[in-house]
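Worksheet: the structure to be examined is printed underneath.
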Amino acid sequence: MVESSFLVFPNIDPIIVSLGPLHVRWYGLMYLVGFVAAYLLAHKRLEQTQWNKDQLGDLLFWSFVGVIIGGRVGYVLFYQFGLFLDDPTYLVKIWTGGMSFHGGLLGVLAAMYWRAKKMNATFLQVGDFVAPLVPIGLGAGRIGNFLNAELWGRTTDVPWAIIFPNAGNLPRHPSQLYEFALEGVLLFIILWLYSAKRRPVGAVSGLFLLGYGAFRFFVEYFRQPDAHIGLYNSGLSQGQLLCLPMIALGIWLIVRAYRTAAAPMKNMKTKTKSNQL
Numbered sequence: 000m001v002e003s004s005f006l007v008f009p010n011i012d013p014i015i016v017s018l019g020p021l022h023v024r025w026y027g028l029m030y031l032v033g034f035v036a037a038y039l040l041a042h043k044r045l046e047q048t049q050w051n052k053d054q055l056g057d058l059l060f061w062s063f064v065g066v067i068i069g070g071r072v073g074y075v076l077f078y079q080f081g082l083f084l085d086d087p088t089y090l091v092k093i094w095t096g097g098m099s100f101h102g103g104l105l106g107v108l109a110a111m112y113w114r115a116k117k118m119n120a121t122f123l124q125v126g127d128f129v130a131p132l133v134p135i136g137l138g139a140g141r142i143g144n145f146l147n148a149e150l151w152g153r154t155t156d157v158p159w160a161i162i163f164p165n166a167g168n169l170p171r172h173p174s175q176l177y178e179f180a181l182e183g184v185l186l187f188i189i190l191w192l193y194s195a196k197r198r199p200v201g202a203v204s205g206l207f208l209l210g211y212g213a214f215r216f217f218v219e220y221f222r223q224p225d226a227h228i229g230l231y232n233s234g235l236s237q238g239q240l241l242c243l244p245m246i247a248l249g250i251w252l253i254v255r256a257y258r259t260a261a262a263p264m265k266n267m268k269t270k271t272k273s274n275q276l
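If you're matching positions, the sequence shown starts at 0 in numbering that gives the first Met the number 0 and goes up one per residue.
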């Protein structure tokens, strides 16, 4: 492969501006952009609920905290546990990059479970409200990964391949942008349109798990596996293995939601027939 025939990643400084010892990085800014966008869209969806703005603000704040803590802890446990054992302070070095979606999801779920009780709502009702907002943050995070020149894809000779710094002089799939398009843009459109109408409780949450799991599983075929993990004997990556239970749980939630919603109608029809007899 000839290097000059491919795109070369531009020299982007990961630090936008420095204010004394404080460094504002693109990576952190993207998370902030995602949170602000989700906050604005959440207010637009608030009219579909019986919650007030204070309850919404608390929910989003603690969900954001859950993303940061869960995402970092998940990344360290799932992908860099060896580094953590060598240097426990690595856990809090968020500015170096490294967040796990699956860990972030667990953090958000914990925050949702806690806030649901205070909002007089069920866990799945809160999940259905939050799910359409998540792809915005995912998309912003993937742009942050791209600007950080991290989590690049496998080597390829497609015309849009990019030569990333610190990834050898080989052209690679810009897998961060693939994930931005699928997990961010497309998944947001699907969930936003689907949730525009009233759906059975748990269906929107299930569609999110199914959609993200399927998209991430697909993109993993273009994303470079983690060097210290590689591929398992099955040929699957760590990310793909973590997506399988998400897909299964998503399908189960959707089926359960529609069956639960259909049960009262079925019982009503049965009672009507009995009364006619």
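We put the beta carbon where it would ideally sit given N, CA and C, even for glycine.
R197 sits in coil when the DSSP states are folded into three classes, being neither helix nor strand. Close CB contacts of V129 within its chain, under the 6 Å cut and outside five residues either way in sequence, are absent. For L18, the enclosing beta strand (DSSP E) starts and ends at 14–18. A distance below 8 Å between beta-carbons, with the five flanking residues on each side excluded, links I15 to the following residues of its chain, in chain order: V23, R24, W25, L28. Its Cα nearest to that of P158, the residue P173 stands out among P173, G140, F207.
DSSP places L150 outside any beta strand (DSSP E), giving it a letter other than H or E. In the structure shown, I161 falls within a strand segment according to DSSP collapsed to helix, strand and coil. Counting along the chain, L28 sits inside the alpha helix (DSSP H) bounded by residues 25–44. V7 is bridged by DSSP to I162.
In the same chain as Y74, and ignoring 5 residues on each side of it, the C-beta atoms closer than 7 Å to its own belong to G97, M98, S99, G102, in chain order. With contact defined as three or more Cβ pairs closer than 8 Å, the region 234–249 and the region 203–218 are in contact. When rounded, the separation of the alpha-carbon atoms in P9 and Y231 is 33 Å.
The region 125–139 makes contact with the region 173–182; the number of CB pairs closer than 8 Å reaches 3 or more. Residue pairing by DSSP places R171 opposite T154, I161 in a beta bridge. At the C-beta level, D127 and G201 come within 8 Å of one another. Straight through space, the alpha carbons of H227 and R198 are spaced by roughly 43 Å. DSSP lists G152 as the beta-bridge partner residues of R222.
Look at L176 here: in three-state DSSP terms it is helix.
Per DSSP, the beta-bridge partners of L21 are L18.
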